[in-house]
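Structure, as C-alpha cells:
There are 2 protein chains.
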Amino acid sequence: MTAPSPRALTEPVEDYLKAIYELERRNGAASTSEVALALAVAPASVTGMVRRLAAQGYLDHVPYRGVQLTAAGRAAALRTIRRHRILETYLTQVLGYPWDRVHDEAERLEHAASDELIECLAAALGHPTSDPHGAPIPTVDGLVDERVHRTLADLAVGHTARMVRVASDKDPDLLRYLADIALRPGAEVTLVARAPYDGPLTLRIGEAQPIVGPNLAAQVLVEPVLTPAPASAASATEPKPAASRARRR
Amino acid sequence: MTAPSPRALTEPVEDYLKAIYELERRNGAASTSEVALALAVAPASVTGMVRRLAAQGYLDHVPYRGVQLTAAGRAAALRTIRRHRILETYLTQVLGYPWDRVHDEAERLEHAASDELIECLAAALGHPTSDPHGAPIPTVDGLVDERVHRTLADLAVGHTARMVRVASDKDPDLLRYLADIALRPGAEVTLVARAPYDGPLTLRIGEAQPIVGPNLAAQVLVEPVLTPAPASAASATEPKPAASRARRR
DNA sequence: CTCGATATTTAGTGCATCCTAAATTGTCCG
DNA sequence: CGGACAATTTAGGATGCACTAAATATCGAG
Ligand SMILES: [Mn+2]
Ligand SMILES: [Mn+2]
Ligand SMILES: [Mn+2]
Ligand SMILES: [Mn+2]
Chain A
132 MTAPSPRALT
142 EPVEDYLKAI
152 YELERRNGAA
162 STSEVALALA
172 VAPASVTGMV
182 RRLAAQGYLD
192 HVPYRGVQLT
202 AAGRAAALRT
212 IRRHRILETY
222 LTQVLGYPWD
232 RVHDEAERLE
242 HAASDELIEC
252 LAAALGHPTS
262 DPHGAPIPTV
272 DGLVDERVHR
282 TLADLAVGHT
292 ARMVRVASDK
302 DPDLLRYLAD
312 IALRPGAEVT
322 LVARAPYDGP
332 LTLRIGEAQP
342 IVGPNLAAQV
352 LVEPVLTPAP
362 ASAASATEPK
372 PAASRARRR
Chain B
132 MTAPSPRALT
142 EPVEDYLKAI
152 YELERRNGAA
162 STSEVALALA
172 VAPASVTGMV
182 RRLAAQGYLD
192 HVPYRGVQLT
202 AAGRAAALRT
212 IRRHRILETY
222 LTQVLGYPWD
232 RVHDEAERLE
242 HAASDELIEC
252 LAAALGHPTS
262 DPHGAPIPTV
272 DGLVDERVHR
282 TLADLAVGHT
292 ARMVRVASDK
302 DPDLLRYLAD
312 IALRPGAEVT
322 LVARAPYDGP
332 LTLRIGEAQP
342 IVGPNLAAQV
352 LVEPVLTPAP
362 ASAASATEPK
372 PAASRARRR
C-alpha cells in the first residue's frame, strides 16, 4: 500500500500534512487556497505538492475540488502533531517558556527530534494528554480526542463554562492577551453580558470582569461546567454522558 | 563585509562549516576529499558547495589547494558547535541520554533550535564549559578553548594522566567501549605497559587494568595529572606551565 | 623532467520546493 | 442559460543540493 517513498518525510511535507489535517477537521475539507494561506505559500505551490503527495499515497486529490488525507496521510499528520504538542508542553512546563512563544519553536523542532527523544520527553512529563494551549496530544499509535467544542461566543448569558483550549496557538498576541485576563485551559469563565449586534462580551473570570470582542471569544473553546451546588451535594457528580463522549479513531 | 545572504544558514551549510572548522583544527587545512568523507557526500558536491560558500564570504578557496574559513565562517561554525554541544550536554545530563547516542540527535536539533532555546538550556545547565565527550563549548561570542592535547597513545609508561576528551564523538561503538572500561572525561588513567611495535597498551583505571589497542588510545585525549604525593607534599603542586596555556581567540 | 596515480574540478542531470503569469474550471447571479 | 469572477491548475523558471562521468591539475617516483 505505502508508496516507495524515500523513507522519511521532509519538513515541508510534514507541515503540509499537518495543515491539511487541521483544515479537514475545522472545515470538513481542505482547499488549495486554504492550505496556501495556512502555509504562506502560493496556491500554485500547493497544487504541485498535492500532486506529489497524492502520488505517494498520502492524500486523495480531486482536481478543482480539494484534498483529503488517506490513512497513511492522517497517521503521518498525527505523528507530527504529537511531536509538536509534546515539545510545546516540555518547553512550557520544564523550561518555563511562555505559552505564546512555544509554537514557533516546536514548529521547527518537530521535524528534527527523534521518536526516542519525543517519547523521552513525554515520559519526563508523565505522558501528558494535552498541550499548553489545551490541544489534545495524539497517542503513539495515532489516537486522538477529536471532540468538537463550543466557543465562548456561543455561551448563553449567565452561564458558566470551563475553558478547554484555544482554537489556534499560532497568534502570540492573542495568547498573551488571554494570559493577561487569566483565560487559560481549565479556567472557569462566566458570560455576564453580551452586547447586541455581535457586540463585546462581558466575562467573569475569578474576580475580574474583562470585556472581550466576539472574534476573540470565538477563539476560546469551552465545555459546560458542572457547577457544584454550594450546599447540596446531589448534582455535583451528575454524569453528563453526551458531552464527555470522546471520539477516538 | 557580510554577503547578501538569505539571512539564515541552511542545515547543509551549517554542517559544511562545522566540518571544515574541525578539519582545519585537526589537520591545519581542509581538503575537498576530507570534507567529502566527513559529510558522506561526493567530492564534486563539496566543490560545488565550497564555491557557493566562498562567494558568500564564509571561506576562502584556492582551487586544487583547499579551503579556509573566514572570520564569518568561523563564527558561524562556532555557533553551530556551541548549539551542538549544549544540546548534547542537556540530553545527557537532564534527560539521561546515553553518551553514545547524543551526537546524532544533536546533529539534527542544532539546526532547529532557536538561540533563545539554546541559551535557556545553557542556563538550566549552569553554563557548562564542556560537553559529555569533554569537548569545549564555545561561548556565545565565539570564544573557545583550543588547547591541543596529547593522546593516551603518547603517554610514557608508568605515567598517569587525566582524560580530557574523546577526539571524536561520532562513533557510538567506541564511546560504548570507553564507558565500559570507565574511561570518561575526568578519569585518571595510568599507562602500565606498552607492547612493542605499536602493540596494545595496558592501562590502569581505578582497580581495573584494561588492555586497549593503539588506535583506541589515539582517540583518547589526556592532560598531565598532578599526582598528589601520598605523604611528601613537595612535588604535588609542580607548576607545569607550558601544558596548561589556554589559547582563546 | 616527465609520467602516472591521485585529488580536484567541470559538465551535465535529477529532484524537491518554491515562484509568477497564463490558462482553465466551477459557481452563481441575473 | 450565459458570463463574470474567483479558485485552481498548468507552464515555465529559479534555487539549493545532491550525483556520475569526464576533464584537468598536482605531486611524487623514477
Ligand atoms: Mn513544522
Ligand atoms: Mn499548541
Ligand atoms: Mn548537523
Ligand atoms: Mn560531543
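So the sequence lines, in the order shown, correspond to chains A and B.
Be aware that the first sequence starts at 132, since it is given in our numbering, and climbs by one per residue.
Be aware that the second sequence starts at 132, since it is given in our numbering, and climbs by one per residue.
We treat Cβ as the ideally placed atom computed from N, Cα and C, and that holds for glycine.
Interface with chain B (8 angstroms Cβ-Cβ cutoff): A/S176 is excluded. Under the Cβ distance rule, B/E236 counts among the residues neighbouring chain A, one pair being separated by less than 8 angstroms.
Bounds of the alpha helix (DSSP H) holding B/L209 are A202 to Q224. Judged by DSSP in its simplified three-state form, A/G330 adopts coil rather than helix or strand. In the displayed model, A/A310 falls within a helix according to three-state DSSP. The C-alpha of A/A292 lies about 20 angstroms from the C-alpha of A/D329. With contact defined as three or more Cβ pairs closer than 8 angstroms, the segment 141 to 160 of chain B and the segment 188 to 199 of chain B are in contact.
Counting along the chain, the unbroken beta strand (DSSP E) around A/A292 starts and ends at T291 to V297. Using a CB distance below 9 angstroms, the part of the segment 196 to 228 of chain B facing chain A consists of L222, V225, L226, G227 and Y228, ordered along the chain.
Placement of the Cβ of A/D235 at a distance of 7 angstroms or more from every heavy atom of ligand 2 is found. Cβ neighbours of A/I336 within its own chain (closer than 7 angstroms, five residues either side excluded): I312, A313, L314, A318 and V320.
Only exposed fits A/K301, as fewer than 16 other CB atoms lie within 10 angstroms of its CB.
Taking the CA atoms as reference points, A/E236 sits about 9 angstroms from A/H215. In the three-state DSSP reduction, A/G197 falls in the strand class (E or B). Contact annotation, A/P269 with A/L209: C-beta distance approximately 4 angstroms; criterion of less than 8 angstroms satisfied. For A/E354, the enclosing beta strand (DSSP E) starts and ends at V351 to P355. For B/D191, the pairing in a beta bridge is given by DSSP as B/Q199. Under the 8 angstroms criterion on CB atoms, B/L170 is classed as non-interfacial with respect to chain A. Counting the other Cβ atoms within 10 Å of the Cβ of A/G204 gives 16 or more, which makes it buried. Residue environment for B/T260: exposed (fewer than 16 other C-beta atoms within 10 angstroms of its C-beta). The nearest non-hydrogen atom of ligand 1 is 7 angstroms or more from the C-beta of A/H264. Residue environment: A/R307 is assigned as exposed (fewer than 16 neighbouring CB atoms within 10 Å of its CB, all protein chains considered). By the 16-neighbour rule on beta-carbons within 10 angstroms, A/P263 is buried.
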